[in-house]
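Asks: Here it is, the structure in full.
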């Protein structure tokens, strides 16, 4: 599967910046794997069946969360070209928006404390028609904003 951006570039259009969803989207899976490992260690040498069953169930749930986050990250593209801001998410069903950089009225960045520390956040792009598009949990949101607003 090729990148969406490669299929839609216009003649003379160049990709200036590409970003992805931040790895923090794996937090549920990471937490699940930690809990599964803790339950497995609780089973100990005596092999407590309840701990083994609990660890197995939590591990299956952690695997599910990890795969869902990976698939979401794999199927999401966020790019800034010299002409447009392009966002695509999804594989079979697809949600996209493309906004001409000339029509961008403002770009807002929302980061909580953890987002500031780990460098992720939400970016809101408003166009001249007062419509807003939000990109959630993007890596390096300030760099993304800078590439949109710098001309």
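Numbering (the numbering used here), first residue to last: 25 to 175.
C-beta atoms are modelled at their ideal positions from N, C-alpha and C, and glycine is treated no differently.
#1: Can you tell me whether residue 38 is buried or exposed, with buried defined as 16 or more other CB within 10 angstroms of its CB?
#2: Let me know the secondary structure DSSP gives residue 90 once reduced to three states.
#3: Cα-Cα, which of 156, 94, 148 is closest to residue 52?
#4: Between residue 109 and residue 101, is the Cβ-Cβ spacing less than 9 Å?
#5: At which residue ranges does the segment 106-150 contain complete beta strand (DSSP E) runs of 3 or more residues, listed in the order of the chain?
#6: Any heavy atom of the ligand GTP closer than 8 Å to the beta-carbon of residue 52?
#7: According to DSSP, which residues form a beta bridge with residue 158?
Replies: Short version:
#1: Start at 1 with the first residue of the chain shown, and residue 38 comes out as number 14. Counting the other CB atoms within 10 Å of its CB gives residue 38 a total below 16, which places it among the exposed residues.
#2: By one-based count along the chain shown, residue 90 stands at place 66. Of the three classes helix, strand and coil, the one that applies to residue 90 here is helix, per DSSP.
#3: Mapped onto the chain shown, residue 52 falls at position 28. Here the closest residue by C-alpha is 94.
#4: By one-based count along the chain shown, residue 109 stands at place 85. By one-based count along the chain shown, residue 101 stands at place 77. Against a cut-off of 9 Å, the Cβ pair of residue 101 and residue 109 comes out as no contact.
#5: 108-113, 119-124, 128-134
#6: Judged by which ligands are present, the structure shown has none, so any question about the ligand GTP falls away.
#7: In the chain shown, residue 158 corresponds to position 134, counting from 1. 148.
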